[in-house]
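Take a look at the structure below.
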Amino acid sequence: MSNEDADEVNEAVDLSNSNKPTNNPIIENEEKDKVIEDLNNELSISNDKYLRLAADMDNLRKRTSRDIDNARKYGLESFLISLLPLIDSLSLATDHSENKNSLLDGLKATVKLLDSIIEDAGVRKINPHNEIFDPLTQEAIQTRVSDTTEPNRVLEVVQVGYTLNDKVLRAARVVVSTDVVNSEQTEDTEKKLN
């Protein structure tokens, strides 16, 4: 074996030995201690983050619960404050009930005030007189034959309905027009049922 070949073999042996763990226990313990210390620091940081997040979530849950309770307790506060003038108006009307004309005028003014208050709160009246019958907002309590009105029109509003932000609170109760043919069919059907 030549000197050059021997040098290459020695280099290869040195390189392979550098990849092997050292047999020095002091160096190995220091490296292990360093790794353990780094892991403990990371664990401590993660634990702190977890505790902060848990506390934030707990505070958020408590705040949300408190807000919901307050909304339940005081959600109608502004609406009720707007009703106070109505109560005052009714009290004033009952105090001056000797004069029937002024009582009637006061009652009409009170109804207008009430309509204004509920309208401001998002409540709208359903008063479909002479409109085409709409089963989504109206309840037909009776049909009536009409020669002057086309079929399926509201002839009379027995009781107005109300919506709150486009949701029906109470359907309007109405009388709906029908033609003579439909009326006769309805009577025949009723006779067969009886």
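Counting along the sequence shown from 1, when you hit position 119 you're at 119 in the numbering used here, and nothing is skipped either side.
Ideal placement from N, C-alpha and C gives every residue a C-beta, glycine not left out.
| Query | Result |
| --- | --- |
| With residue 158 and residue 128 assumed to form a contact (beta carbons below 8 Å), what rounded beta-carbon distance in angstroms separates them? | Contact flag wrong, Cβ pair sits at about 11 Å. |
| In this structure, how does DSSP classify residue 198 when only helix, strand and coil are distinguished? | An answer regarding residue 198 cannot be provided, because it is not within the stretch 1 to 194 covered by the chain. |
| Using alpha carbons as the reference points, say which of 138, 114, 151 and 120 lies closest to residue 164. | 120 |
| Would you say residue 136 faces chain D, with C-beta separation under 8 Å as the test? | Among the chains in the structure shown there is no chain D, since it carries only a single protein chain. |
| Name the two residues that bound the continuous beta strand (DSSP E) containing residue 110. | Looking at the DSSP string, residue 110 is not in any beta strand (DSSP E); the run it does join, the alpha helix (DSSP H), is 100-120. |
| State the beta-bridge partners of residue 123 as determined by DSSP. | 164 |
| Based on the DSSP secondary-structure assignment, which residues constitute the bridge partners of residue 176? | 143 and 154 |
| Any idea if residue 142 is buried or exposed, counting beta-carbon neighbours within 10 angstroms, 16 or more meaning buried? | exposed |
| Suppose you measure from the CA of residue 114 to the CA of residue 80; what does that come to, to the nearest Å? | 12 Å |
| Using the three-state DSSP reduction, which class does residue 60 fall into: helix, strand or coil? | helix |
| Terminal residues of the continuous alpha helix (DSSP H) containing residue 86? | 77-95 |
| Going by the CB atoms, is the gap between residue 138 and residue 174 shorter than 8 Å? | yes |
| Nearest-angstrom Cα distance between residue 92 and residue 74? | 28 Å |
| Relative to the C-alpha of residue 122, which residue among 36, 169, 60 and 133 is closest? | 169 |
| Does DSSP classify residue 43 as helix, strand or coil? | helix |
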